[in-house]
Amino acid sequence: MSEHPFAPYVRTLGRGKRARRSLTREEAADAMAMILRGEAEPAQVGAFLMLLRVKEETTEELGRKMDIVTKQIYQDLFKFDEKIPYKYILRFYRNATEYHKNGGPRMAGAHYVPGSKELVGYRRTEREAEGRDPFYSLYHEGWHQYFDFYIPNSPRWFDEGFAEVISPLIIKGSRAKMNTFNAGRSNVLKHYLRRGRIIPLSQLIRLNHQQFYRPDVVGLAYAQSWSFVHFLINFKHPKPSIQRKVRAFYKDYFWELHKGTDPVEACDIVFKDVQFNPLEKAWLEAIRRQR
Numbered sequence: 007m008s009e010h011p012f013a014p015y016v017r018t019l020g021r022g023k024r025a026r027r028s029l030t031r032e033e034a035a036d037a038m039a040m041i042l043r044g045e046a047e048p049a050q051v052g053a054f055l056m057l058l059r060v061k062e063e064t065t066e067e068l069g070r071k072m073d074i075v076t077k078q079i080y081q082d083l084f085k086f087d088e089k090i091p092y093k094y095i096l097r098f099y100r101n102a103t104e105y106h107k108n109g110g111p112r113m114a115g116a117h118y119v120p121g122s123k124e125l126v127g128y129r130r131t132e133r134e135a136e137g138r139d140p141f142y143s144l145y146h147e148g149w150h151q152y153f154d155f156y157i158p159n160s161p162r163w164f165d166e167g168f169a170e171v172i173s174p175l176i177i178k179g180s181r182a183k184m185n186t187f188n189a190g191r192s193n194v195l196k197h198y199l200r201r202g203r204i205i206p207l208s209q210l211i212r213l214n215h216q217q218f219y220r221p222d223v224v225g226l227a228y229a230q231s232w233s234f235v236h237f238l239i240n241f242k243h244p245k246p247s248i249q250r251k252v253r254a255f256y257k258d259y260f261w262e263l264h265k266g267t268d269p270v271e272a273c274d275i276v277f278k279d280v281q282f283n284p285l286e287k288a289w290l291e292a293i294r295r296q297r
């Protein structure tokens, strides 16, 4: 007895976690056409729609979480009067194989596409997430999607530093809480520090895109960017005036960039009275206490 022509579509969606995948556009169009023509058995249609619903629930979960993160984390870091005039675009794949097959960068769990304004990713398995939220990569890349509206092509230390501060966040129910400590980046930074390798802060904040992503620099640049942003957000000092001044650096820098000021010029304006050696010393001392 030959297999019913609709059966492969149900089987594709109903495989186990490792083997299942989404239908291609052609497969989805053919499956829906068969349903509309009455060629699929009622039981097959029921199973097909149920499996689609399972996938939809995962997408709805991510959509709900991204709404929470946007309202309670992204929008809380910088208060804007202007609102983004379009809806976010999310392209979500079922697993790593499907994600990478469709252009996802190697070793990544998500990425942002500035040209199309798309956030692209997949839900990590428990093993891949290593105890973290399975959507943590999407929280990181979602920041890039959000921030790109206000400051396109933002300086890398600033954009990546905030994304790395944000991604360890914790969501419980309908509440999101910042957890600015990034254990992975902290370990990388301490590894470089033990070897006496560091990018001076005065250079880090002036790195352009090409310099930041150089293969021999990028790992350290990410770690330092996270650590410096973490330092600025959480800086404490016995003198309130000094504490306010240091914590204001990242906000003042943002507003200069938002006005359209060139990134290097914005550094010169915001950090013009800063003595980088004492600031760098305070930051390096804080690394041991960052948690």
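Numbering (the numbering used here) for the sequence shown: 7 to 297. For every residue, glycine included, the Cβ atom is placed at its ideal position computed from N, Cα and C.
Do you know how far the Cα of residue j is from the Cα of residue i?
i, j, result
"Tyr259", "Phe218", "19 Å"
"Gly52", "Leu68", "25 Å"
"Phe164", "Ser231", "7 Å"
"Glu262", "Ile275", "8 Å"
"Ala116", "His150", "11 Å"
"Arg279", "Arg133", "At residue 279 the sequence reads Asp, which differs from the Arg that was named. Cα to Cα, the separation comes out at about 48 Å."
"Arg43", "Pro14", "17 Å"
"Arg138", "Lys183", "14 Å"
"Ser143", "Arg203", "27 Å"
"Asn214", "Ile176", "31 Å"
"Phe241", "Asn108", "42 Å"
"Glu136", "Ala189", "12 Å"
"Leu195", "Lys265", "32 Å"
"Ala114", "Phe84", "27 Å"
"His243", "Tyr99", "46 Å"
"Met72", "Ala288", "35 Å"
"Asn283", "Tyr256", "18 Å"
"Thr267", "Glu32", "47 Å"
"Arg250", "Phe141", "33 Å"
"Gln216", "Glu45", "55 Å"
"Arg181", "Glu104", "30 Å"
"Val252", "Arg112", "37 Å"
"Arg294", "His197", "12 Å"
"Arg70", "Val171", "21 Å"
"Lys245", "Ala254", "14 Å"
"Val224", "Ser8", "56 Å"
"Pro158", "Lys77", "20 Å"
Round the Cβ separation of residue i and residue j to the nearest angstrom and send it over; I've been treating them as touching at under 8 Å.
i, j, result
"Arg191", "Ser233", "7 Å"
"Phe187", "His236", "7 Å"
"Ala34", "Phe54", "Actually they are not in contact, since the Cβ atoms of Ala34 and Phe54 sit about 10 Å apart, beyond 8 Å."
"His106", "Glu47", "Actually they are not in contact, since the Cβ atoms of His106 and Glu47 sit about 35 Å apart, beyond 8 Å."
"Val126", "Gly110", "7 Å"
Below 8 Å between beta carbons: does that hold for residue i and residue j?
i, j, result
"Tyr128", "Ala169", "no"
"Glu66", "Arg97", "no"
"Val270", "Arg212", "yes"
"Tyr145", "Ser173", "yes"
"Gln50", "Val16", "yes"
"Leu238", "Glu286", "no"
"Ala227", "Leu199", "no"
"Phe12", "Met40", "yes"
"Ile79", "Ser122", "no"
"Lys82", "Pro120", "The question names Lys, but residue 82 in the sequence shown is Asp. No, these two residues do not count as a Cβ contact at 8 Å."
Taking the continuous alpha helix (DSSP H) assigned at residue i, which residues delimit it?
i, result
"Ile275", "Pro269 to Val276"
"Ile172", "Arg162 to Ile172"
"Ile248", "Pro246 to His264"
"Lys107", "Ala102 to Lys107"
"Val224", "Val224 to Asn240"
"His215", "His215 to Phe218"
"Ile204", "Ile204 -> no alpha helix (DSSP H), and no H or E assigned at all."
"Ile293", "Phe282 to Ile293"
"Ala116", "No alpha helix (DSSP H) holds Ala116; the beta strand (DSSP E) holding it covers Ala116 to Val119."
"Glu134", "Glu132 to Ala135"
Does residue i pass the burial test, meaning 16 or more other C-beta atoms within 10 Å, or should it be called exposed?
i, result
"Thr131", "exposed"
"Pro161", "buried"
"Gly179", "exposed"
"Gln296", "buried"
"Ala229", "buried"
"Ala272", "buried"
"Glu166", "buried"
"Ile248", "exposed"
Where do the N-terminal and C-terminal ends of the beta strand (DSSP E) with residue i fall, by residue?
i, result
"Glu124", "Glu124 to Tyr128"
"His150", "Run containing His150: none in the beta strand (DSSP E); it sits in the alpha helix (DSSP H), Tyr142 to Tyr156."
"Lys85", "Here Lys85 belongs to no beta strand (DSSP E), and DSSP marks it neither H nor E."
"Phe98", "Ile95 to Tyr99"
"Arg200", "Run containing Arg200: none in the beta strand (DSSP E); it sits in the alpha helix (DSSP H), Ala189 to Arg200."
"Arg181", "Arg181 to Lys183"
"Ile177", "Ile176 to Lys178"
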